[in-house]
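*Asks:* Can you keep this structure in mind? I'll have questions shortly.
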Amino acid sequence: MEFKTLDDLKKYLTFLKKHRRHPKDYVFGMELEGALVDKQGEPLNAKQVIPRLNEIHQNYEFSEEAGACQIEIKSYPREFSTEALREKEEYLIDVINDIVDIAEKIHKKEVVFLLTGSNPHPKVLSDKWITDSERAKKMAQWRSKFPPIPIADTLIKPQHIASAIQSIHVHINGKNPDDVVSKYNRLLYMSPELIALSANSPIIGGKLVDYAEARLLLYEMADGGKGGFPDLKKYPKNILEYAEYLFSKEKIIATTLSEIVKERHEDNRIQFELPFRVENRVCAVQAAVRENLALVEYIIGRLKYAQRWDRQQLPSLREIEINRIEAIKNSMRGRFVWNGKSISTQEYLRECIEKAEKGIKHFYDHPKYLHILKTRVERKKTSADIIRNWYKKMEGETEEEKIAKLVNKIWKHTLKNKPLL
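The sequence shown begins at 384 in the working numbering and counts up one residue at a time.
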């Protein structure tokens with residue numbers, strides 16, 4: 384069902400009041416984006432690989448992304464349980480092996496499926512790697528009107544940024560429209576902690592940057608303010624208020640609510656496909672499958688805790704924005720400010736993981752992957768720190784040699800399903 388106007392949405396909400404529907408709560412799905420590259424880290428075209436994957440896999444859907452070397456793996460919705468996560472772990476490992484096997488037959492060379500938040504190879508930042516689709520071309524054309532973006536000592540064209548960025552998105556159904564808004568509002572204030580936990584993108588286009596998680600700020604600048612933290616003046620009280628916010632913003636090619644949502648690359652958003660659901664978009668995709676599932680488990684457990692037990696007043700949107708930038712810059716080494724009080728990010732994340740554990744146990748389950756994030760917090764170190772240290776130790780080598788070594792180090796962790804800790 385498409386909502387082209389606010390009246391369309393109002394009519395549907397009126398219909399729901401008369402004919403109540405009860406979708407299951409915490410049915411979740413995920414999208415995982417990775418980049419196809421060779422052993423030197425140079426991008427490879429994924430166009431021929433994607434249809435082959437869709438032919439052989441039934442439980443996942445594969446599609447193009449903004450970059451021609453990128454592949455998006457989309458799982459179908461499932462009711463949450465840690466057993467469902469375990470099955471996804473096994474399946475995704477098989478999927479990654481299939482991606483590489485198919486790509487090697489097509490490209491006649493050794494292939495890597497790179498799972499990090501940003502592609503480190505400079506060649507990805509060119510017109511050549513913008514996906515050859517109408518939508519991708521129009522979005523790139525729209526982005527090209529914005530000024531170049533500085534990365535270290537280089538200026539990057541905004542239309543190239545999306546081709547170099549990968550993330551993990553988590554979708555969660557709500558019981559009804561009001562519950563979806565409740566989930567959305569809580570995910571907003573969780574953005575800083577999720578960024579801090581998942582940071583792994585300190586290198587993009589061959590350049591080492593000063594931020595732990597460069598991709599979010601770069602996307603914001605490339606999208607002329609349409610990406611990043613939502614441009615809200617207040618928390619939406621209901622789904623109609625959120626829709627009004629979307630309709631008030633500039634549209635590029637969108638004509639329906641679901642298309643407007645897709646154009647706005649914000650940290651969190653409500654999807655207007657039925658049943659309504661929230662989508663979290665701030666986490667960088669991780670090198671190992673287990674790390675990605677740790678983030679899924681954390682998001683669901685943390686959100687469940689917030690909805691079930693948390694009675695505190697929602698923090699100010701301004702504080703969330705400040706903490707978001709702090710997480711982007713310093714990950715776990717910074718300090719958050721909540722309700723005017725300063726707290727170390729590490730201490731705050733310890734409390735958050737305890738809440739996520741309690742949230743998971745509410746599903747009559749025990750956390751299976753949260754220990755990965757707990758280790759990060761205790762060591763005060765994320766993948767961003769490890770990748771940065773690897774890169775810095777390669778002094779005296781050319782940029783091409785550094786990137787090749789970096790890509791292969793990350794790939795070993797993916798093949799072994801071993802977290803970057």
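Note that beta-carbon positions come from the ideal geometry of N, C-alpha and C, so glycine has one too.
In this text the structure is predicted, and so the values were computed from the model without any measurement.
Give me the residue from I643, G611, R685 with the minimum Cα distance to R664.
*Replies:* Comparing Cα-Cα distances from R664 to each of I643, G611, R685, the minimum goes to G611.
*Asks:* Decide yes or no for the touch test of the stretch 393 to 400 against the stretch 423 to 438: beta carbon pairs closer than 8 Å, at least 3 of them.
*Replies:* The stretch 393 to 400, when compared against the stretch 423 to 438, does not touch it at the 8 Å Cβ threshold.
*Asks:* Give a yes or no on whether the C-beta atoms belonging to A597 and T765 are separated by under 8 Å.
*Replies:* It is not a contact, given that the beta carbons lie outside the stated cut-off.
*Asks:* Compute every distance between the C-beta of S527 and the non-hydrogen atoms of the ligand PLP, then say whether any falls below 7 Å.
*Replies:* Among the components of this structure there are no ligands whatsoever, and the ligand PLP is therefore not found.
*Asks:* Which whole-angstrom value describes the C-beta separation of E649 and I635, a residue pair presumed to lie in contact below a C-beta threshold of 8 Å?
*Replies:* Going by Cβ atoms, the distance from E649 to I635 rounds to 14 Å, so no, they are not a contact pair.
*Asks:* Have a look at the DSSP bridge pairing and note the partners of M384.
*Replies:* Looking at the DSSP assignment, M384 forms no beta bridge with any residue, so it has no partner.
*Asks:* Within the same chain, show all residues whose beta-carbon is closer than 6 Å to that of L538, passing over the 5 residues directly before and after it, in chain order.
*Replies:* Correct list, in chain order: P531.
*Asks:* So is H796 buried or exposed if we call it buried at 16+ other beta carbons inside 10 Å?
*Replies:* The residue is buried, with at least 16 neighbouring Cβ atoms inside 10 Å.
*Asks:* Under the rule that 16 or more other beta-carbon atoms within 10 Å means buried, what is E414, buried or exposed?
*Replies:* Answer is buried; the Cβ neighbour count reaches 16.
*Asks:* Would P658 pass as a contact of P406 if the rule is Cβ separation under 8 Å?
*Replies:* Closer than 8 Å, so yes.
*Asks:* Where do the N-terminal and C-terminal ends of the beta strand (DSSP E) with H543 fall, by residue?
*Replies:* Where H543 is concerned, there is no enclosing beta strand (DSSP E), although the alpha helix (DSSP H) it sits in stretches over 541 to 544.
*Asks:* Nearest to A579 by CA position, among I769, A710, W773, E737, is which residue?
*Replies:* The option with the nearest alpha carbon to A579 is A710.
*Asks:* Is the number of C-beta pairs between the stretch 422 to 430 and the stretch 451 to 460 that are closer than 8 Å three or more?
*Replies:* The stretch 422 to 430, when compared against the stretch 451 to 460, does touch it at the 8 Å Cβ threshold.
*Asks:* Does the count of Cβ pairs from the stretch 437 to 445 and the stretch 468 to 482 closer than 8 Å reach three?
*Replies:* Touching, per the Cβ criterion.
*Asks:* Am I right that D390 and K558 are in contact with their C-beta atoms under 8 Å? What's the rounded C-beta distance?
*Replies:* In fact, because the Cβ distance is near 25 Å, the residues do not count as touching under 8 Å.
*Asks:* Give me the residue from Q695, N713, Q690 with the minimum Cα distance to K741.
*Replies:* With distances taken between Cα atoms, K741 lies closest to Q690.
*Asks:* Grab the span of the beta strand (DSSP E) containing F659 for me, first residue to last.
*Replies:* Here F659 belongs to no beta strand (DSSP E), and DSSP marks it neither H nor E.
*Asks:* Give me the Cα-Cα distance between L640 and E385, rounded to the nearest whole angstrom.
*Replies:* Going by the C-alpha atoms only, they are around 7 Å apart.
*Asks:* So, under 8 Å CB-CB, A767 and S574 are touching, yes? Tell me the CB distance rounded to an integer number of Å.
*Replies:* Wrong, their Cβ atoms sit about 17 Å apart, outside the cutoff.
*Asks:* I need the straight-line Cα distance from I439 to S631, nearest angstrom please.
*Replies:* The alpha-carbon atoms of I439 and S631 are separated by roughly 42 Å.
*Asks:* Less than 8 Å between the C-beta atoms of L497 and A545, yes or no?
*Replies:* For L497 and A545, no; Cβs fall outside 8 Å.
*Asks:* Could you spell out where the alpha helix (DSSP H) holding L599 opens and where it closes?
*Replies:* L599 -> alpha helix (DSSP H) spans 597 to 605.
*Asks:* Return the chain-ordered list of same chain residues with a C-beta closer than 6 Å to the C-beta of R805, the five sequence neighbours on each side being excluded.
*Replies:* An answer regarding residue 805 cannot be provided, because it is not within the stretch 384 to 804 covered by the chain.
*Asks:* Considering only C-alpha positions, which residue in the set L804, K744, H749 is nearest to W773?
*Replies:* Here the closest residue by C-alpha is L804.
*Asks:* Could you check whether A671 and N800 sit closer than 8 Å to each other, using their CB atoms as the reference points?
*Replies:* Yes, the Cβ-Cβ distance between N800 and A671 is below 8 Å.
*Asks:* Return the chain-ordered list of same chain residues with a C-beta closer than 6 Å to the C-beta of K776, the five sequence neighbours on each side being excluded.
*Replies:* Nothing listed; no residue qualifies.
*Asks:* If you run the structure through DSSP and keep just helix, strand and coil, what is Y588?
*Replies:* Checking the displayed sequence, the identity of residue 588 turns out to be Gly instead of Tyr. Note: G588 maps to coil in three-state DSSP.
*Asks:* With a threshold of 16 other CB atoms inside 10 Å of the CB of Y747, please say whether the residue is buried or exposed.
*Replies:* The residue in question, Y747, is exposed, as its Cβ has fewer than 16 Cβ neighbours within 10 Å.
*Asks:* Ignore the nearest five residues each way along the sequence and tell me which others in N502's own chain have a CB closer than 6 Å to its CB.
*Replies:* Here the set comprises A418, A547.
*Asks:* Using 10 angstroms around the beta-carbon of L399, count the other beta-carbons present and answer buried if the total reaches 16, otherwise exposed.
*Replies:* Under this definition L399 is an exposed residue.
*Asks:* Report the residue from D614, S527, V661, T465 whose alpha carbon sits nearest the alpha carbon of L676.
*Replies:* Of the listed residues, the one whose Cα sits closest to L676 is T465.
*Asks:* Taking W525 as the reference, which of K511, D536, K540, I534 has the closest Cα?
*Replies:* Of the candidates K511, D536, K540, I534, the one whose C-alpha sits nearest the C-alpha of W525 is K540.
*Asks:* Return yes when the Cβ of D562 is within less than 8 Å of the Cβ of N621, no when it is not.
*Replies:* Against a cut-off of 8 Å, the Cβ pair of D562 and N621 comes out as no contact.
*Asks:* Assuming contact is defined by CB atoms lying nearer than 8 Å, are L732 and L570 in contact in what I supplied?
*Replies:* Against a cut-off of 8 Å, the Cβ pair of L570 and L732 comes out as no contact.
*Asks:* So for M777, helix, strand or coil by DSSP?
*Replies:* Residue state, collapsed to three classes: coil.
*Asks:* With distances taken Cα to Cα, identify the nearest neighbour of A787 among F463, V478, G589.
*Replies:* Nearest option by C-alpha distance: G589.
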